[in-house]
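Engineer: Here the protein sequences come in this chain order: A and B.
Residue 75 in our numbering sits at position 75 of the first sequence; the count goes up by one each step and never skips.
Residue 111 in our numbering sits at position 111 of the second sequence; the count goes up by one each step and never skips.
Cβ atoms here follow ideal geometry from the backbone N, Cα and C, with glycine treated the same way.
Bear in mind that the values here come from a model prediction, so they are computed numbers and not experimental data.
Before we start, here is the structure in question, set down as structure tokens.
There are 2 protein chains.
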Amino acid sequence: MKALYPEKRLVNASMGARVVAELRMRIITKAIQDETVLTENQLAKEFQVSRSPIREALRTLTSENLVRPERMGVVVVGISEKDIEEIYDIRLMVESFVFERLLHKDNDKLVGELEKLIEMMKIAVKYKDIDEFSFLDLEFHETIIRSINHRYISMLWSNIKPVMECLILLSMRYRLEENDKDFERVIANHELILESIANKDTNLINQAFHKNFNDVQNKVEQLWSNEEMMKIARESIESK
Amino acid sequence: MKALYPEKRLVNASMGARVVAELRMRIITKAIQDETVLTENQLAKEFQVSRSPIREALRTLTSENLVRPERMGVVVVGISEKDIEEIYDIRLMVESFVFERLLHKDNDKLVGELEKLIEMMKIAVKYKDIDEFSFLDLEFHETIIRSINHRYISMLWSNIKPVMECLILLSMRYRLEENDKDFERVIANHELILESIANKDTNLINQAFHKNFNDVQNKVEQLWSNEEMMKIARESIESK
DNA sequence: AGGTGAATACTTGTATACAAGTATCCTAAC
DNA sequence: GTTAGGATACTTGTATACAAGTATTCACCT
């Protein structure tokens, strides 16, 4: 099976990290079906590594709630449409908290960084580097979140980030097949968020969040609700 | 050094789990100072186990933000008063979200469970079993959170829970030394929360949350702000 | 036939060995 | 005295070995 997660992001990564990234993608795309039982030995054989990195990977996936430990081995939990909604509950909760804090700060430096990221996103679209575009999207949000220097908010973010990353990656790949005008709209959404922050405009941020979230969430759910589409998303990378 | 974490909670636990529990307590009580560099070999020697469980422990502590990985070994981050405030930001955020959901549900079963927990807390106070009281306190909150069946909210909770557990454990032990009338007030706070849920009373829950949070947070911070008090909390268990 | 129990082939948790890389320290040259 | 360079003693990441425990299977007994 071809790797689902971009190799580019794994240079210098340990085998453990590679296994996590790959398993996560397979679980989320249902290339590994829910309820499948995974054991360390079996995975070690399949990935041609020892049990040590596999153990590490399974622990990470457990903490991300993608698998649940049972008496012997772990069983794949995967994610459903309901889970995706729930992830976006968390995002909305976290990002709203962050915006509230931004209102009482000077955000010039942040605004500058966000402008840079938007420019880079435009370049990524221009050259159809969808994976890069996805990572920039995520980094945009992470930059905002980190800017308030709230250790535990950052921690929350880092807990849901890996799954978010997969979701965005997949939904963007799918869009590319489907309708690449969508990328313009994604960029416009981010420009709206940027403007809200620059002007500390509470009404605008609510609009922006809901626009952005509904947009991404709908796309992701659309993707998940249709087995055929999921297959396209999986294969869009495998065929590369 | 005597164990800081109750042995009772570690029956059947793996060495890895024990090491995590113990290191977490030592870091939070500053028995291990911030900025200390910990390496796997050194800890393996100290705890008389191999590197495998130590590795596992350090990974867990990293995910909890109590240590941060560096090129060689991990360095202890620990928690400050600001961090404690931030943890309570998260709690307030999460528990408010949960209460909002509770308003649209039938909570009879939940209310029953909470009543049971409060009774048990009273017994724990009667027999001065402070560690048990602390765990019941935490379980009270966890029961509420789990009741809305929100996978990612539960995940967030499980990420901050271990540190919360230590904080509550320490603050309760300290109270016992200081003024054991406090326990009555903690119970009263929980009864207030219970009542808010039973009656779906939005105003009351805000009062209850703020009362409970301010109470615990103040106690904890009071504890942290004074080196001498921290020593008392540490030793209150060591002398057992 | 149905249930019991022992043998077997799994599983995880832990210890240990090894390779590759990095900081440190000591020596030597200037 | 100061700096360069190499030996040394660390570090982590990974592989492998072993012990203890659990599911399964299959034969045997009732």
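Could you spell out where the alpha helix (DSSP H) holding proline 53 of chain A opens and where it closes?
Structural biologist: The residue you call residue 53 of chain A lines up with position 53 of the first sequence. First-last of the alpha helix (DSSP H) with proline 53 of chain A: 51 to 63.
Engineer: Mind listing the chain B neighbours of asparagine 41 of chain A? Cutoff is C-beta to C-beta under 8 Å, in chain order.
Structural biologist: Locating residue 41 of chain A in the first sequence gives position 41, counting from the first residue. Ordered by position in chain B, no residue passes the 8 Å Cβ test against asparagine 41 of chain A, which lies about 16 Å from the chain.
Engineer: Looking at the C-beta of serine 241 of chain A, does it have a partner C-beta in chain B at a distance below 8 Å?
Structural biologist: As displayed, chain A neither begins before 1 nor continues past 240, which places residue 241 of chain A out of reach and without an answer.
Engineer: Leaving out the 5 sequence neighbours to the left and right, which residues in its chain are closer than 6 Å to tryptophan 224 of chain B when beta-carbon positions are compared?
Structural biologist: By 1-based counting over the second sequence, the position of residue 224 of chain B is 224. Excluding residues within five positions, the ones whose Cβ falls inside 6 Å are Glu81.
Engineer: State buried or exposed for glycine 112 of chain A, treating a residue as buried only when at least 16 other CB atoms are found within 10 Å of its CB.
Structural biologist: The residue labelled residue 112 of chain A in the question sits at position 112 within the first sequence. So glycine 112 of chain A counts as exposed.
Engineer: Note down, in chain order, each residue of its chain lying with its Cβ closer than 8 Å to the Cβ of leucine 156 of chain A, except the 5 sequence neighbours on either side.
Structural biologist: As a first step, residue 156 of chain A must be located in the first sequence, where it is residue number 156. These residues qualify, in order along the chain: Ile90, Val94.
Engineer: Note the first and the last residue of the continuous beta strand (DSSP E) segment covering arginine 68 of chain B.
Structural biologist: Residue numbering aside, residue 68 of chain B sits at position 68 when the second sequence is read from its first letter. Taken as a continuous stretch (DSSP letters only), the beta strand (DSSP E) holding arginine 68 of chain B covers 67 to 69.
Engineer: Is it buried or exposed, valine 11 of chain A, if we count other Cβ atoms within 10 angstroms and call 16 or more buried?
Structural biologist: Start at 1 with the first residue of the first sequence, and residue 11 of chain A comes out as number 11. Per the 10 Å Cβ criterion, exposed.
Engineer: Which two residues bound the contiguous beta strand (DSSP E) that contains valine 76 of chain B?
Structural biologist: The sequence position of residue 76 of chain B within the second sequence is 76, counting from 1. Its beta strand (DSSP E) spans residues 74 to 76.
Engineer: Quick check: is any heavy atom of the ligand COA less than 7 Å from the C-beta of lysine 128 of chain A?
Structural biologist: You won't find the ligand COA in this model; it holds no ligand whatsoever.
Engineer: Chain B partners of glutamate 165 of chain A, CB-CB under 8 Å?
Structural biologist: Working through the first sequence from its first residue, we reach residue 165 of chain A at position 165. None at all; the shortest Cβ gap to chain B is about 15 Å.
Engineer: Nearest to valine 19 of chain B by CA position, among B:Gln222, B:Leu4, B:Val75, is which residue?
Structural biologist: Translated into the one-based positions of the second sequence, residue 19 of chain B becomes position 19. Minimum Cα distance to valine 19 of chain B is reached at B:Leu4.
Engineer: Counting only beta-carbon separations shorter than 8 Å, does phenylalanine 183 of chain A have a partner in chain B?
Structural biologist: By 1-based counting over the first sequence, the position of residue 183 of chain A is 183. No, phenylalanine 183 of chain A lies away from the interface with chain B (no Cβ there is under 8 Å from its Cβ).
Engineer: Using a Cβ-Cβ cut-off of 7 Å (strictly less than) and excluding sequence neighbours within five positions of lysine 122 of chain B, which residues of its own chain qualify?
Structural biologist: As a first step, residue 122 of chain B is located in the second sequence; it is residue number 122 there, counting from the start. Within the same chain, lysine 122 of chain B has close Cβ partners Ile187.
Engineer: Please tell me whether methionine 97 of chain A has its Cβ less than 8 Å away from any Cβ of chain B.
Structural biologist: Translated into positions along the first sequence, residue 97 of chain A becomes position 97. Residue identity check: residue 97 of chain A is phenylalanine in the sequence provided, not methionine. Judged by the 8 Å Cβ criterion, phenylalanine 97 of chain A is in contact with chain B.
Engineer: Does any residue of chain B have a CB that is nearer than 8 Å to the CB of methionine 93 of chain A?
Structural biologist: Counted from its first residue, the first sequence places residue 93 of chain A at position 93. At least one chain B Cβ lies under 8 Å of methionine 93 of chain A.
Engineer: Between tyrosine 5 of chain B and chain A, is any beta-carbon pair separated by less than 8 Å?
Structural biologist: Taking the second sequence and counting its residues from 1, one reaches residue 5 of chain B at position 5. No, tyrosine 5 of chain B lies away from the interface with chain A (no Cβ there is under 8 Å from its Cβ).
Engineer: Would you identify the three-state DSSP class for leucine 136 of chain A, choosing helix, strand or coil?
Structural biologist: Along the first sequence, one-based indexing puts residue 136 of chain A at 136. Reduced to three states, the DSSP call for leucine 136 of chain A is helix.
Engineer: At least one CB of chain B closer than 8 Å to the CB of valine 11 of chain A: is that the case?
Structural biologist: Taking the first sequence and counting its residues from 1, one reaches residue 11 of chain A at position 11. Cβ-Cβ to chain B under 8 Å: no for valine 11 of chain A.
Engineer: Hey, how far is the Cα of leucine 58 of chain B from the Cα of arginine 51 of chain B?
Structural biologist: For the purposes of this step, residue 58 of chain B is taken as the residue at position 58 of the second sequence. For the purposes of this step, residue 51 of chain B is taken as the residue at position 51 of the second sequence. Answer to the nearest angstrom: the Cα atoms are 10 Å apart.
Engineer: For valine 98 of chain A, which of A:Glu221, A:Ile205, A:Lys211 has the nearest alpha-carbon?
Structural biologist: Along the first sequence, one-based indexing puts residue 98 of chain A at 98. Measuring from the Cα of valine 98 of chain A, the nearest candidate turns out to be A:Ile205.
Engineer: Would you verify that the beta carbon of glutamate 86 of chain B is, or is not, closer than 8 Å to some beta carbon of chain A?
Structural biologist: As a working mapping, residue 86 of chain B is identified with position 86 in the second sequence. Chain A contact via Cβ: present.
Engineer: Do three or more CB pairs link the region 122 to 139 of chain A to the region 163 to 175 of chain A at distances below 8 Å?
Structural biologist: Touching, yes.
Engineer: Got a sec, what are the start and stop residues for the alpha helix (DSSP H) aspartate 201 of chain A sits in?
Structural biologist: One-based indexing of the first sequence puts residue 201 of chain A at position 201. Counting along the chain, aspartate 201 of chain A falls outside any alpha helix (DSSP H), and DSSP gives it neither H nor E.
Engineer: Measure the alpha-carbon distance for threonine 60 of chain A versus glutamate 64 of chain B and round it to whole angstroms.
Structural biologist: One-based indexing of the first sequence puts residue 60 of chain A at position 60. One-based indexing of the second sequence puts residue 64 of chain B at position 64. Threonine 60 of chain A and glutamate 64 of chain B: Cα-Cα distance of roughly 13 Å.
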